[in-house]
Amino acid sequence: MEEIKTTSTIQQYTSATELSLEDQQLLNDAKAAVNTSYAPYSRFHVGCALILENGVIIKGSNQENIAYPSGLCAERVAIFHAGASYPDVPVRTMAITVKAEGYVVDKPITSCGACLQSMSEFELKFNKPMRIILQGETGNIWVADSLRTFIPFMFWVDELTK
Ligand code: THU
Numbered sequence: 014m015e016e017i018k019t020t021s022t023i024q025q026y027t028s029a030t031e032l033s034l035e036d037q038q039l040l041n042d043a044k045a046a047v048n049t050s051y052a053p054y055s056r057f058h059v060g061c062a063l064i065l066e067n068g069v070i071i072k073g074s075n076q077e078n079i080a081y082p083s084g085l086c087a088e089r090v091a092i093f094h095a096g097a098s099y100p101d102v103p104v105r106t107m108a109i110t111v112k113a114e115g116y117v118v119d120k121p122i123t124s125c126g127a128c129l130q131s132m133s134e135f136e137l138k139f140n141k142p143m144r145i146i147l148q149g150e151t152g153n154i155w156v157a158d159s160l161r162t163f164i165p166f167m168f169w170v171d172e173l174t175k
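When the letters of the sequence shown are read in order and numbered with our numbering, they come out as residues 14 to 175.
In structure tokens form, the structure reads like this:
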């Protein structure tokens, strides 16, 4: 019997001042993006900001619709924007944060499976890990070196690429 190993490494910080200046800036951009969220139905606002290898920063926020499944998560708004605008440039880091109406989210919230799958394909496409920074409205900050931490086994079928 052989054991299949997965890796999961997250650095936890108690203050943004412990992050590099680039990471602090990106987290601030994600917090600013929360204000562009359109979430009148869930009242749960998600903001994110990604930095490309060329230094360009792209923000995203969740955009809901009264036909509920028609909306889109913040992460996919940003990552697909990046793919559409800079198809040849890898993403270095994405920061994601949230703000709920009526209560304080004091811990990091990890992205949903559909977002992780979509973001993972960018890692694969460029063969380059995407760093992830997470923070709730307040509280500890998580930094992961790769999406693999959150989605160790993405859906992938080599034959579909041929
Ligand atoms: N949402 C995101 O923006 N990202 C995720 O990874 C999960 C959930 C949004 C979708 C919806 O607008 C709200 O959060 C509540 O589910």
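Even for Gly, the Cβ is constructed at its ideal location relative to N, Cα and C. Computed from a prediction, not measured in an experiment: that's the story for all the values here.
Checklist entry - Whose CA, out of His94, Thr151, Asp158, Gln130, lies closest to the CA of Val170? => result Counting from 1 along the sequence shown, the entry for residue 170 is found at position 157. Among His94, Thr151, Asp158, Gln130, the Cα nearest to that of Val170 belongs to Gln130.
Checklist entry - Which partner residues does Cys61 have in the DSSP bridge list? => result Counting from one through the sequence shown, the residue named residue 61 turns up at place 48. According to DSSP, which records beta bridges pairwise, Cys61 is partnered with Gly73, Ile109.
Checklist entry - Pairing CB atoms from the stretch 64-78 with CB atoms from the stretch 114-133, are three or more of them under 8 Å? => result no
Next on the checklist: So if DSSP puts Arg89 in a beta bridge, which residue, or which two residues, is it bridged to?
Outcome noted: Counting from 1 along the sequence shown, the entry for residue 89 is found at position 76. Partner(s): none; Arg89 has no beta bridge.
Checklist entry - If we count the other Cβ atoms within 10 Å of its Cβ and call it buried at 16 or more, is Cys86 buried or exposed? => result The residue labelled residue 86 in the question sits at position 73 within the sequence shown. With 16 or more Cβ atoms within 10 Å of its Cβ, Cys86 is classed as buried.
Item to check | Residue range of the beta strand (DSSP E) that includes Val156 | outcome: Walking along the sequence shown from the start, residue 156 turns up at place 143. Here the beta strand (DSSP E) through Val156 covers 154-157.
Checklist entry - Quick one, what's near the ligand THU if you take every residue whose CB is closer than 6 Å to any heavy atom, in chain order? => result Ala52, Ser55, Phe57, Val59, Asn75, Glu77, Gly84, Cys86, Ala87, Glu88, Ser124, Cys125, Cys128
Checklist entry - Taking the alpha helix (DSSP H) that Leu34 falls in, what are its first and last residues? => result Walking along the sequence shown from the start, residue 34 turns up at place 21. Taken as a continuous stretch (DSSP letters only), the alpha helix (DSSP H) holding Leu34 covers 34-47.
Checklist entry - Relative to the C-alpha of Ile154, which residue among Ala43, Thr19, Phe93 is closest? => result Here residue 154 corresponds to residue number 141 of the sequence shown, with the count starting at 1. With distances taken between Cα atoms, Ile154 lies closest to Ala43.
Checklist entry - If we count the other Cβ atoms within 10 Å of its Cβ and call it buried at 16 or more, is Cys125 buried or exposed? => result Residue mapping note: residue 125 aligns to position 112 of the sequence shown, counting from 1. The residue in question, Cys125, is exposed, as its Cβ has fewer than 16 Cβ neighbours within 10 Å.
Checklist entry - Val12: buried (16+ other C-beta within 10 angstroms of its C-beta) or exposed? => result Residue 12 lies beyond the range of the chain shown here (14 to 175); nothing can be said about it.
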